[in-house]
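**Q** Residue numbers (UniProt numbering), protein chains in the order written: chain F, 1 to 175; chain C, 1 to 392; chain B, 1 to 604. Mind having a look at this structure? Questions to follow.
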Amino acid sequence: MRDLIEKLTPRYTLGNATYQRADLTFVDVTRDELRALLLELRDKEGFTHLVLLTAVDWIEEGKFQLTYMINNREADQTLGLRLYIDRNDAEGDTIHDIWPTAATYQRELREMFGIAFPGSPRVDEEFILEGWTDMPPYRRDFDTLAYSQQTYVEREGRETHDPRATMKHKMYPEG
Amino acid sequence: MFSFQPDRSQYPDVGPDGKFEIDLETGKFLKLWHGPNHPGITGNMSVELTVNGDEVVEGYTHVGYLHRGFEKLMERRTFIQVFPIVCRVCVPEPDFNEYCYAAAVEELAGIEVPEEANWIRTLILEMGRFNSYMMAMGGIAGALGNGVIGQWMTYVRDLMLDRFEELTGARIYHMFILPGGVRAGLPEGFEARMEEVLQTAERYLDDVEKVLFTNAVFKKRTKGVGYIDPKLFESYGVTGPNARAGGVAKDVRKDSPYLVYDQLSFEVPVEQDSDIWARSIVRYRDLRLTIDLIRQILAKMPKGGEVMTSLPNVLHWKIPRGETYIKGESSRGEYGYYLVTDGSGYPRRVNVRGPSYTHAMALLEHLIPGTNIADVAALMVSLHTYPPEIER
Amino acid sequence: MGSLRDVLSPFTAWKHVIETPVTIKNPIGREAADRYRGFHQNDTDKCIGCGSCEDICQNAAIDMIPVDNPKDGDSGLRPQIDYGRCCWCALCVDVCMTGSLTMSNEYTWVDSDPDAFRFIPGVDKMPWDDFEKGYERQGDRMLSGLTRPEMAELEPEARIGNFDEIVAGYSREQAVLEADRCVECGLCVATCPAHMDIPDYIAAIREGDYDLGTQILYETNPFSEVCGRVCTHKCETVCAAQYEGEPIAIRWLKRHIIDNVSEERRLEIVGTPQVLPTGQKVAVVGAGPAGLTAAYDLARSGHAVTVFEAQDKPGGMMRYGIPEYRLPYDALDRDIAVIKAQGVEIKTGTRIGTDITLDQLKADYDATVLSIGLHLGRSTRVPGSDAPGVEAAIDLLRRITAGEEVPVPKKVAVIGGGNVAMDIARSMARLQKQKFGEVGVTVTALEDFDHFLADKEEVTESFEEGIEILDARGPQEIVTFKSGKRKGHVKGLRTWKVTSIFDEQGRFTPQYDEGDEMVHEVEMVVEAIGQMADISLLGDELTEALEWNRGRIAVDADGHTSEPWLWGGGDAVHGPDVIHAVADGHKIAASVNVALMAKAEAEK
């Protein structure tokens with residue numbers, strides 16, 4: 001994979017290559033070069049299979065990481081392209097015309113992370129969360145515990161005790 | 001000549017793009033919900049069909065009936081606490097989740113797994129594949145009205161669940177493959193009892209061959225029906241038996257051997273016709289292969305040694321920042337876990353890559369237009385999709 | 001179209017009609033596999049209620065519920081499981097620190113009351129409590145470490161000829177490994193007399209945040225250098241990790257923190273009193289751990305504190321009782337420097353009763369704290385115990401520290417089996433090695449090795465240093481020369497084999513096997529059977545006025561004596577133990593604070 005990365009480096013802005021395993025590599029890419037790079041990798045380098053497309057929320061850094069994972073079956077190589085986008089104005093470029101199946105991924109990212117993919121088919125239609133009104137739930141700042149506490153009622157009769165405090169009181173009743 | 005087919009002349013005209021102008025007000029189209037409760041649907045999903053007569057002009061997959069937000073729940077649990085919930089992403093073949101998650105954690109945390117544990121993991125995965133294919137066999141037969149095969153397969157699957165029970169301590173969600181190894185070695189006399197199950201399975205599969213694959217009705221209903229052009233495989237992310245039925249020998253076990261698959265001898269079954277028949281027969285042959293693999297594993301594996309590595313204290317186990325992707329060949333195709341860690345005691349992101357995500361969504365929606373209502377169930381079942389992988 | 005075969009073949013399915021049905025008629029009662037994970041069992045005698053099961057449960061299915069009659073070293077809680085939440089993953093079984101929690105292979109249970117499915121295994125009796133089959137851990141705990149990293153220490157040959165510190169302290173790598181094993185149950189916090197926040201400072205080690213660690217240490221104990229070396233570590237006796245494997249080396253981890261923070265940095269972290277001076281004065285008698293801890297707290301509350309110390313240097317028993325090879329003096333000095341930095345004045349070489357009287361303190365100070373320790377050795381009172389050549393261990397230890405000349409004969413016998421006996425035996429052994437090049441110390445203890453009083457390491461290290469320890473031997477007589485130049489001087493120690501120490505009522509009445517007699521030929525006998533307080537400084541009037549409790553000054557829970565101006569604590573009140581003395585110091589300081597505030601209010 002080092003060969004491929006080196007070969008592409010003069011023409012693309014590739015950063016922070018991580019050779020995770022002999023068959024798995026991650027590399028940072030830029031948004032304006034993504035499409036050309038994907039097409040070249042698909043058509044010339046044998047990365048014909050889109051394994052997955054998903055996002056990672058780096059809320060502390062104000063970024064979403066979009067991971068485009070593609071695979072070259074013949075060479076048994078998987079390449080994860082990391083694209084960082086602004087979390088506050090989260091928008092990606094649709095690649096459904098390169099891999100039609102990407103439309104589903106983009107629709108999910110729109111719904112779960114609130115990342116827009118203009119031009120992606122049916123991207124604004126509800127996918128999994130019919131009738132959802134809260135913030136996109138896979139964002140890190142969506143608190144599942146608070147949500148469930150607000151939404152559901154706990155069954156009564158549960159109470160726990162702290163071993164430290166209980167034992168301390170037992171051993172030193174006067175404090 | 002008399003025909004049951006209605007007169008096509010009453011159908012609306014086809015537009016310039018070759019598609020019907022769909023206008024429900026005309027009364028010539030009907031919306032038909034295929035699922036979520038329907039004998040011809042796999043699990044809890046539905047396909048919203050627009051039909052014209054008995055011809056389907058459009059179909060959209062709807063999921064969300066069992067969304068539990070697993071990927072999000074995993075972010076809220078420590079690395080060890082994720083282990084009991086990963087299996088719940090898939091009922092019929094839960095072990096892939098356990099393996100992929102455990103392997104991803106082990107890779108990022110730098111943990112070595114004892115050799116014997118890798119053999120047991122392989123055994124478990126093949127046992128899971130066995131069960132999954134049993135359901136697929138029953139499913140495809142059932143979708144075409146042949147319920148008895150589903151009953152036989154359920155019985156055989158139940159015998160395998162007994163083996164799961166004695167090996168892992170549970171029948172459905174085994175919670176057995178945890179980061180660091182597996183919970184225990186083989187129980188005494190396991191091999192003999194497994195052999196009994198395999199022989200029973202072979203007997204029933206012989207019957208399946210006679211009743212399903214040597215069956216004029218089944219052939220009529222499946223041959224040439226639900227054809228997927230192999231050119232679509234890459235663009236729609238088609239993997240596993242669905243691709244192997246179309247002449248592409250995609251199989252992670254061969255393409256990128258994991259666990260101990262490089263120490264097992266096998267040839268991946270491939271068919272050429274890429275229709276429902278081909279997909280069914282490929283699964284049938286793969287199931288036979290699985291039986292052979294289980295025998296190979298039990299014969300070759302080391303026994304009686306360590307199966308679990310001592311872990312760091314899991315109550316405050318932190319894993320350095322990193323990311324990895326672990327994949328395996330499930331009964332439906334490439335199954336994988338994308339794990340991102342940030343140096344804390346919790347995963348930053350877990351993404352489950354299930355083959356049904358592409359098969360039941362983009363691919364199915366692409367294949368549906370033009371089919372007959374009665375064939376939708378068979379088409380869908382022949383893709384062998386499990387909805388929880390889609391919505392996790 | 002299909003062939004005729006394709007039409008006929010499916011009919012072969014009919015042969016199944018004559019097969020026996022495979023379904024089970026009644027699934028209730030079907031026995032599950034041997035390792036099936038069914039309803040929990042808990043061996044409540046083994047369980048210590050550490051709550052690790054509750055911590056690891058990702059479904060929050062476990063609550064810790066108080067039960068009756070908990071044993072020692074037990075929080076008194078037991079896990080209650082809510083089977084409406086349990087997912088049978090058995091992580092609770094895997095993490096269990098004692099191995100008490102297991103699962104039976106029972107999984108069928110019908111009840112119309114949903115709350116019945118929430119119960120305390122082992123406490124609420126269930127039909128499967130005694131089932132042998134089910135899930136239990138294979139082998140040892142796998143989810144947290146079992147053993148301590150080995151501590152580097154001086155080899156016996158390298159240490160016996162000097163008073164150099166034996167234990168090296170943990171390296172960063174060792175400390176992180178050890179800190180990782182802690183499950184943060186807090187039973188140690190409950191047990192520690194000073195309630196040090198042990199899991200929190202251990203977490204600080206894992207994070208590499210030694211400043212935070214130091215801050216946590218100082219919240220409960222200003223003697224981390226000391227306690228990090230010589231604490232009796234009661235915490236480690238209740239550590240959840242000890243049941244399968246070794247307890248966490250809490251004492252060494254404490255020392256590791258303080259080893260990694262320079263004296264200057266320590267002063268920066270701890271700082272100086274952040275309150276306005278109250279103008280009130282407190283006198284503390286005795287610069288031991290209790291007195292200095294009280295002084296530290298009171299100074300930080302804004303009071304002017306003066307500590308009076310009879311010896312030449314502060315530290316009390318920490319300096320004059322504990323040998324230097326266990327606690328180097330400069331380590332003690334570093335702890336005391338931080339206390340002094342709070343503005344505490346320590347007047348050494350000032351003996352109450354001689355240089356200044358308690359009445360004067362009562363008159364000149366708003367409050368007085370008495371923390372005088374135990375500086376008088378008890379005697380066996382066997383025949384000959386007043387002969388020349390019989391020494392009190394505590395007195396000898398003091399003289400060694402003070403640099404005074406002590407007699408060093410070739411053969412020494414020590415009577416006693418506690419840590420003080422080991423201290424003096426090992427100190428004398430070092431002096432012998434320096435003087436004669438060889439060791440000649442025999443320790444005779446009443447207790448047998450199974451019930452020995454001294455710490456295990458002390459016994460092991462004594463053996464390594466060539467000291468002879470004879471267990472279960474009771475002193476009968478100190479034999480003296482009957483004639484000659486050395487007439488009246490110690491000639492040996494006569495002992496009998498001990499058959500039992502306590503009678504059926506638990507009273508101290510040692511019984512001997514008189515047939516098993518030994519005479520140990522020695523020139524010196526050291527008595528190390530206990531210490532008592534020197535209460536002569538109180539004077540008759542105060543002695544009369546105070547309330548007493550079995551020979552010790554009686555105090556209430558806050559350390560207040562029956563005299564309103566006087567507080568008491570430390571060894572003289574509660575028996576010998578540094579960490580207990582520190583705890584006393586805090587308690588007294590808090591009580592004095594309240595009293596002084598009330599006094600200031602009243603004087604307004």
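All C-beta atoms in this analysis are idealised placements derived from N, C-alpha and C, irrespective of residue type, glycine included. Only a predicted model underlies this, so the values are computations on that prediction, with no experimental measurement involved.
For the beta strand (DSSP E) that contains Thr18(F), what are its first and last residues?
**A** Counting along the chain, the beta strand (DSSP E) containing Thr18(F) begins and ends at Gly15 to Arg21.
**Q** Of all Cβ atoms in chain C, is any one closer than 8 Å to the Cβ of Pro163(F)?
**A** By this cut-off, Pro163(F) is not an interface position.
**Q** Based on Cα-Cα distance, which residue from Lys303(C), Asn242(C) and Val217(C) lies nearest to Asp229(C)?
**A** Cα-wise, what sits closest to Asp229(C) is Asn242(C).
**Q** For Asp207(C) and chain B, any beta-carbon pair shorter than 8 Å?
**A** At least one chain B Cβ lies under 8 Å of Asp207(C).
**Q** So Gly145(B) contacts chain C; which residues on that side make the cut at Cβ distance below 8 Å?
**A** Ordered by position in chain C, the residues that pass the 8 Å Cβ test against Gly145(B) are Ser310, Pro312 and Asn313.
**Q** Between the beta-carbon of Leu493(B) and the beta-carbon of Val525(B), is there less than 8 Å?
**A** In contact: Leu493(B) and Val525(B) (Cβ atoms closer than 8 Å).
**Q** Note down, in chain order, each residue of its chain lying with its Cβ closer than 8 Å to the Cβ of Asp140(B), except the 5 sequence neighbours on either side.
**A** Cβ within range, chain order: Leu146, Glu244 and Gly245.
**Q** Drop a sphere of 10 angstroms on the beta-carbon of His16(B), count the other beta-carbons inside from all chains shown, and report buried for 16 or more, exposed for fewer.
**A** Exposed: under 16 other Cβ atoms inside 10 Å.
**Q** Please determine if the region 270–283 of chain C and the region 88–104 of chain F are in contact, where contact requires at least 3 C-beta pairs separated by less than 8 Å.
**A** Not touching, per the Cβ criterion.
**Q** Alpha carbon to alpha carbon, what distance is there between Leu77(B) and Asp68(B)?
**A** Between Asp68(B) and Leu77(B), the C-alpha separation is close to 9 Å.
**Q** So Gln58(B) and Arg253(C) are supposed to be a Cβ contact under 8 Å. How far apart are they, rounded?
**A** Not really, about 31 Å apart at Cβ, beyond 8 Å.
**Q** Distance, Cα to Cα, Pro63(B) vs Asp180(B)?
**A** The residue asked about is misnamed: residue 63(B) is Asp in this sequence, not Pro. Each residue's Cα considered, the two are about 25 Å apart.
**Q** Alpha carbon to alpha carbon, how far is Ala421(B) from Ile415(B)? Give it in angstroms, no decimals.
**A** Whole-angstrom Cα-Cα distance: 7 Å.
**Q** CA-CA distance, Gln138(B) and Leu73(C)?
**A** For Gln138(B) and Leu73(C), the distance between alpha carbons rounds to 29 Å.
**Q** Taking 8 Å as the threshold (C-beta atoms), are Val56(C) and Pro387(C) in contact?
**A** No; because the gap between Cβ atoms is not below 8 Å, this pair is not in contact.
**Q** Apart from the five residues just before and just after Pro121(F), which ones in its own chain have a Cβ nearer than 7 Å to its Cβ?
**A** Excluding residues within five positions, the ones whose Cβ falls inside 7 Å are His96 and Ala103.
**Q** Checking 8 Å against the spacing of the C-beta atoms, do Gln215(B) and Pro273(B) come in under that value?
**A** Result no, Cβ atoms of Gln215(B) and Pro273(B) do not sit closer than 8 Å.
**Q** Pick helix, strand or coil for Gly328(C), following the three-state DSSP scheme.
**A** Three-state DSSP puts Gly328(C) in a strand.
**Q** Assuming the contact rule is C-beta atoms closer than 8 Å, Ile281(C) and Phe233(C) should be a hit. Round their C-beta distance to whole Å, please.
**A** Their Cβ separation, rounded to whole angstroms, is 18 Å, which puts Ile281(C) and Phe233(C) out of contact at 8 Å.
**Q** Answer yes or no: does any C-beta atom of chain F fall closer than 8 Å to that of Glu54(B)?
**A** Yes - at least one Cβ of chain F is within 8 Å of the one on Glu54(B).
**Q** Kindly list, in the order they appear in chain C, the residues whose Cβ is closer than 8 Å to that of Asp6(B).
**A** Near Asp6(B) (Cβ distances below 8 Å), the residues of chain C are Thr214, Asn215, Ala216 and Lys219.
**Q** Going by DSSP, name the residue or residues bridged to Gly80(F).
**A** Phe26(F) and Met69(F).
**Q** List the residues of chain B whose Cβ lies closer than 7 Å to the Cβ of Thr166(F), in chain order.
**A** Neighbours of Thr166(F) on chain B, chain order: Pro66, Ser75, Gly76 and Leu77.
**Q** Flag Gly157(F) as yes if its beta-carbon sits less than 8 Å from any beta-carbon of chain B, otherwise no.
**A** True, the Cβ-Cβ gap to chain B drops below 8 Å.
**Q** CB-CB under 7 Å to Cys235(B), same chain, minus the five flanking residues each way: which ones, in chain order?
**A** Same-chain partners within the cutoff: Cys188, Thr191, Cys192, Ile198 and Ile250.
**Q** Smallest Cα separation from Asp124(B): which of Pro79(B), Val270(B) and Glu404(B)?
**A** Asp124(B) has its Cα closest to that of Pro79(B), out of Pro79(B), Val270(B) and Glu404(B).
**Q** How do the region 256–267 of chain B and the region 331–338 of chain B stand: do at least 3 beta-carbon pairs fall below 8 Å, yes or no?
**A** Segments in contact, yes.
**Q** Shortest alpha-carbon distance to Tyr135(B) belongs to which of Leu4(B), Trp14(B) and Phe39(B)?
**A** For Tyr135(B), the nearest C-alpha among the options comes from Phe39(B).
**Q** Using beta carbons (cut-off 8 Å, strictly below), is His67(C) in contact with chain F?
**A** Taking Cβ atoms only, chain F reaches closer than 8 Å to His67(C), which makes this a yes.
**Q** Tell me whether the beta-carbon of Ile269(B) lies closer than 8 Å to the beta-carbon of Asp211(B).
**A** Yes, the pair counts as a contact, with Cβ atoms nearer than the cut-off.
**Q** Could you tell me which chain C residues have their CB closer than 7 Å to the CB of Ala13(B), listed as they occur along the chain?
**A** Those within 7 Å of Ala13(B) in chain C are Val148, Asp207 and Val211.
**Q** Count Cβ pairs between the region 308–321 of chain C and the region 119–126 of chain C that sit closer than 8 Å; are there 3 or more?
**A** As far as the Cβ criterion goes, the region 308–321 of chain C does not touch the region 119–126 of chain C, which means the pair count is below three.
**Q** So is Gln360(B) buried or exposed if we call it buried at 16+ other beta carbons inside 10 Å?
**A** Its Cβ having fewer than 16 others within 10 Å, Gln360(B) is exposed.
**Q** Short of 6 Å in beta carbon distance, which residues of its chain neighbour Tyr36(B), apart from the five on each side in sequence? Order them along the chain.
**A** Excluding sequence neighbours, Tyr36(B) sits near Asn105.
**Q** Using DSSP with H/G/I as helix, E/B as strand and the rest coil, what is Pro10(B)?
**A** Here Pro10(B) sits in helix by DSSP.
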